[in-house]
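Take any residue in the sequence shown, count from 1 to its spot, add 16: that is its number in the numbering used here.
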Amino acid sequence: MSVNRVTTRTVPEESDGARTPLRGRDAELAFIEARLDALDRGEGGIIRVEGPVGIGRSRILAQAAAAARRRGTRVFEGAADPDEQFVPLGPLLEGLLSGEEPLSGAVRLRDLATTPGQRFWLLQELGDRLRETARNGPLLVVLDDLQWCDDLTLLTFNTLAAGLSSHAILWLVAVRGGSVPSGVRTTLDRIRQAGAHELALGALDDRATARIAEDLLGAAPAPDVLRVARRAEGVPQLLVELLVSLREGEAVTIENGTARLPAGPPAPRELPSVVRRLDQLSDEARELVQTAAAVGGPVTVALLAELLGRSSAALITAVRESLDADLLSESGDRLAFRHDLVREAVEAGLPLPLRRALRGQAAGLPPGSAASPAGRPGPSAGRATPAGATEAGKAGPGDATEADRLRAAAAELAATAPGPAAERSLKALELTAADAPERPRIIAETIPLLWQTGQAVRARELGASALATGTLGPEDEALIRLALARLAVPFDFSEAVGQARAGAALPGISGTVRGRLLAMLAVGLSMSGEHAAAEQVAAEAWETAAAAGDRSAEATLTTVRSAVSFHRMDLTEAFRQAERAAALADALGVSTSLWVPEALWHALLSNTTGRSAEALAAAEDGIRTTGEQGRTAATRMWLMTRSRILLEAGRLADARADAEAASATTGDPGPGNLADVTLRYVMLRVALHTDDRQTARAYAAEARRMRSDAAPVVRHFGSWMLALTADFEGRPDRAMAELDEVMTSPAADRPAYAGLVDPADAPVLVRLALRAGAHERAAQAVALAERRAVLNPGLTLLAATAAHARGLLDNDLAPLVRAVRLYEDCPRVLARASALEDAGLKLAATRRSEAVPYFETALALYGRAGAERDVARVRRRLRAAGVRRRPSSAGLSDAWPELTAAETRVVRLVAGGLTNRQAADHLSLSPHTVSSHLRRAFTKLDVTSRGELTRLVRHRDDGE
Numbered sequence: 017m018s019v020n021r022v023t024t025r026t027v028p029e030e031s032d033g034a035r036t037p038l039r040g041r042d043a044e045l046a047f048i049e050a051r052l053d054a055l056d057r058g059e060g061g062i063i064r065v066e067g068p069v070g071i072g073r074s075r076i077l078a079q080a081a082a083a084a085r086r087r088g089t090r091v092f093e094g095a096a097d098p099d100e101q102f103v104p105l106g107p108l109l110e111g112l113l114s115g116e117e118p119l120s121g122a123v124r125l126r127d128l129a130t131t132p133g134q135r136f137w138l139l140q141e142l143g144d145r146l147r148e149t150a151r152n153g154p155l156l157v158v159l160d161d162l163q164w165c166d167d168l169t170l171l172t173f174n175t176l177a178a179g180l181s182s183h184a185i186l187w188l189v190a191v192r193g194g195s196v197p198s199g200v201r202t203t204l205d206r207i208r209q210a211g212a213h214e215l216a217l218g219a220l221d222d223r224a225t226a227r228i229a230e231d232l233l234g235a236a237p238a239p240d241v242l243r244v245a246r247r248a249e250g251v252p253q254l255l256v257e258l259l260v261s262l263r264e265g266e267a268v269t270i271e272n273g274t275a276r277l278p279a280g281p282p283a284p285r286e287l288p289s290v291v292r293r294l295d296q297l298s299d300e301a302r303e304l305v306q307t308a309a310a311v312g313g314p315v316t317v318a319l320l321a322e323l324l325g326r327s328s329a330a331l332i333t334a335v336r337e338s339l340d341a342d343l344l345s346e347s348g349d350r351l352a353f354r355h356d357l358v359r360e361a362v363e364a365g366l367p368l369p370l371r372r373a374l375r376g377q378a379a380g381l382p383p384g385s386a387a388s389p390a391g392r393p394g395p396s397a398g399r400a401t402p403a404g405a406t407e408a409g410k411a412g413p414g415d416a417t418e419a420d421r422l423r424a425a426a427a428e429l430a431a432t433a434p435g436p437a438a439e440r441s442l443k444a445l446e447l448t449a450a451d452a453p454e455r456p457r458i459i460a461e462t463i464p465l466l467w468q469t470g471q472a473v474r475a476r477e478l479g480a481s482a483l484a485t486g487t488l489g490p491e492d493e494a495l496i497r498l499a500l501a502r503l504a505v506p507f508d509f510s511e512a513v514g515q516a517r518a519g520a521a522l523p524g525i526s527g528t529v530r531g532r533l534l535a536m537l538a539v540g541l542s543m544s545g546e547h548a549a550a551e552q553v554a555a556e557a558w559e560t561a562a563a564a565g566d567r568s569a570e571a572t573l574t575t576v577r578s579a580v581s582f583h584r585m586d587l588t589e590a591f592r593q594a595e596r597a598a599a600l601a602d603a604l605g606v607s608t609s610l611w612v613p614e615a616l617w618h619a620l621l622s623n624t625t626g627r628s629a630e631a632l633a634a635a636e637d638g639i640r641t642t643g644e645q646g647r648t649a650a651t652r653m654w655l656m657t658r659s660r661i662l663l664e665a666g667r668l669a670d671a672r673a674d675a676e677a678a679s680a681t682t683g684d685p686g687p688g689n690l691a692d693v694t695l696r697y698v699m700l701r702v703a704l705h706t707d708d709r710q711t712a713r714a715y716a717a718e719a720r721r722m723r724s725d726a727a728p729v730v731r732h733f734g735s736w737m738l739a740l741t742a743d744f745e746g747r748p749d750r751a752m753a754e755l756d757e758v759m760t761s762p763a764a765d766r767p768a769y770a771g772l773v774d775p776a777d778a779p780v781l782v783r784l785a786l787r788a789g790a791h792e793r794a795a796q797a798v799a800l801a802e803r804r805a806v807l808n809p810g811l812t813l814l815a816a817t818a819a820h821a822r823g824l825l826d827n828d829l830a831p832l833v834r835a836v837r838l839y840e841d842c843p844r845v846l847a848r849a850s851a852l853e854d855a856g857l858k859l860a861a862t863r864r865s866e867a868v869p870y871f872e873t874a875l876a877l878y879g880r881a882g883a884e885r886d887v888a889r890v891r892r893r894l895r896a897a898g899v900r901r902r903p904s905s906a907g908l909s910d911a912w913p914e915l916t917a918a919e920t921r922v923v924r925l926v927a928g929g930l931t932n933r934q935a936a937d938h939l940s941l942s943p944h945t946v947s948s949h950l951r952r953a954f955t956k957l958d959v960t961s962r963g964e965l966t967r968l969v970r971h972r973d974d975g976e
């Protein structure tokens, strides 16, 4: 009798047939049970399950998860998808979010995963959540198809598995055997070194094959059925699908308890798993695989190219994709199907006339030709060409057309989606021959796209390799040097200057390119602190850009003009030019601007003149916008900028959090000059205010490196940082010696504030000079502060700092009190507190009781800022003034002496049940800032989980 048709749902790595018992894997399941026993005893670890497509990896993982649940173990299951590799941490977070008991706060973790610059905080919080959950019982974390995981998932898995190895967490991961991406291979090597257990799944034996046939067909298989079943070569997925096709095609009859094929083996049919894998391919790769199936045996790439009407080079991506999908494999110098059943299934999906036509076309090629199936190609024939090259150094017309299309798409996407734009630009480069005249232009287009998406090292290597050939024409070399100059701006001011200068000096280049190079040179000189040279180059560049009608260069040069006006202390004109530059760049689109983005300068300028709220709003908007667009480089630059703004607004903990979030990665191609004058400076200043001596020493070492930098402004910053450190250590003479170079540099380039773009440091410099007995230098600083105030009468902050500096120099109470009043209208908390302290100190000499209110207000402001060292100093002054009680101050709490005010606020909200995201919204902070506060609070309070923190808060609030 015939076997009735059975309809079932699709399951991973199985056919649309009924799920059968797992056969032939007794040893593997016994090993997993043993590891689950160990997990119950509190022993974690890693199990890696490996095998080719269809071997049953997913089935093993499902069995393990079911066994763990039967024991009461909490299980999280996730799987990667080749179509969703662009979702950061998607596979792992999907697993943590699924099930009846998802990991607490996983939605918040997904937010961190998709926000640029949050990797450190993400790992910290995810580790904390898993650690806390594991304390309540063992965990099994299952991650399938590791070969499709994104880089962040791989990094997170590797880091967490190592960091949580002492906890009762068992990681069970599956990966396809054979060739895998390099990042996956690195991860596998690392977990192997960490002691991961390995389960290599091989082909099923004849006994298991026969038992699966009996399960599916309902009777023991006869020899003819077994011969067909053996064609699956022990691959469970193919075996099940083959048997189901026999059953559903009614080819099987059961006689006397035995399943037979009375009409013999049926014709090949499509198999569901092969259809799914074909559907996941691009159109080009699918056509290639179908053509290879129609031809038959192993086939050269040259033959496939001939049949498809394309060049071999144009098939690079399609060949790679088919290899990655495990449909084809390399067989000597040819491509072959992984399995005959796969080839037959692909061929079965093609119309018979098409199959015959393709075979006839292949057979009709001249014998012995490279494309002929009968030919004997040499060692290199048929192999895919390396990325960036083409077969025999030549590309066909189809390649050039496709490259042009990809370049146009990249240009269209660049303004809003630089990531996809970079991918298209790189593909265009792949399709372009090494000697093609347009290749240098494509390289110049690709470099800024790679930089914007956080691939600065790759971008730099691409440009350097092109320059190293020595075969570029002047225009092409100029374009590549322009791209490299843009790339260098955040990392190495002097390299930006060098690249732009070398490009502008090339003979015979177009006016547009020369104008842009001169504009970039002016930017580099301005950022380096070479103001006179910047002004001179900008004038020449302006004429060149105007003649060419280049609005992009105009936007950049307008920023340089603003910086020149600032250096001349004409802040009104500086603001006017900065606003115009930002408007021009915004109208043109970020991708065409030579300095990304001009709005950064406008935000810094606003902050410098006391418009902190405006500057902070601009920075937050910049971080949000660039983050949404995937502009990693610009987001980091905005974070650096915001760290400066927060520092000068007296939000020390928040400034430190931003600086840490923006800290350099191993992918940076240079020392990070922008980081030198922002985040490293911020970290040192915060350490000095909080009396963090270890951090201060670390960043003083950075300052010594900065002292030898080629850029004057970086040297000036390093000098100022070392002077502040020496003063912190009680060595005022040494502090003044550190400033010798700055104070004696040429007047045209001498920084007005000892290398800093912050007028509030003028009183700091005066105080430091007076301690060292350098009255002349103190007077010099006062004169500069007063000149700035006179030139810019509408800026209260400048008037306040001038009065403050004058009061210190003259030891005069009146200007100090005036400074206190003026600071009340400025958002500079620390500057105001400093003026109050100085006024109180002057009063304490003769009118002690009148000094107390000044000290107490200063103490409250320092406390609100988290400036612990300053708080301790003012308390000493109060005790000297006869105040024995501990004054109350905003932001300080007797219950939490270990924490800053900002940390206390976060602790209370989190203990009240809020997630980090909710706490951030409540406090109008960024989530990574909240994470930083919470991490520091955990360290100071010696707690390791939110549960412990909540209990501690209740304990202290109850006064126990």
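All C-beta atoms in this analysis are idealised placements derived from N, C-alpha and C, irrespective of residue type, glycine included. From a predicted model like this one, the values you see are computed outputs, not experimental measurements.
Residue i classed as buried or exposed, judged by whether at least 16 other C-beta atoms fall within 10 angstroms
i	result
arginine 9	Coverage of the chain is limited to positions 17 through 976, which leaves residue 9 absent and any answer about it impossible.
alanine 210	exposed
asparagine 272	exposed
threonine 706	buried
asparagine 932	buried
alanine 178	exposed
glycine 638	buried
threonine 955	exposed
serine 198	exposed
asparagine 623	buried
alanine 717	exposed
aspartate 121	In the sequence as presented, aspartate is not what sits at residue 121; that position holds glycine. That one is buried.
proline 869	exposed
Endpoints, the beta strand (DSSP E) within which residue i is located
i	result
histidine 355	First-last for histidine 355: undefined, no H or E at that position.
glycine 93	First, the amino acid is wrong: residue 93 is glutamate here, not glycine. 90 to 95 is the extent of the beta strand (DSSP E) around glutamate 93.
alanine 275	274 to 276
valine 158	155 to 160
histidine 213	213 to 216
glycine 61	61 to 67
Helix, strand or coil at residue i according to DSSP, with G and I counted as helix
i	result
phenylalanine 507	coil
alanine 450	coil
proline 402	Any reading at proline 402 needs caution, since the residue's pLDDT is 33, under 50, leaving its predicted position unreliable; the model's value is listed next. Proline 402 falls in the coil class under three-state DSSP.
valine 836	helix
valine 315	strand
proline 383	Since pLDDT at proline 383 reaches only 41, below the 50 mark, its modelled position is unreliable, and the value read off the structure follows with that caveat. The answer is coil: DSSP assigns proline 383 none of H, G, I, E or B.
leucine 478	helix
proline 282	coil
leucine 655	helix
leucine 186	strand
alanine 267	coil
glutamate 346	strand
valine 899	coil
alanine 236	strand
arginine 962	helix
valine 191	strand
Residue interval of the alpha helix (DSSP H) (run including residue i)
i	result
threonine 333	332 to 340
alanine 739	728 to 744
isoleucine 525	Counting along the chain, isoleucine 525 falls outside any alpha helix (DSSP H), and DSSP gives it neither H nor E.
leucine 45	42 to 56
Enumerated in chain order, which unbroken segments of the alpha helix (DSSP H) with a length of 4 residues or greater are wholly contained in the segment 285 to 312? 288 to 295, 299 to 311
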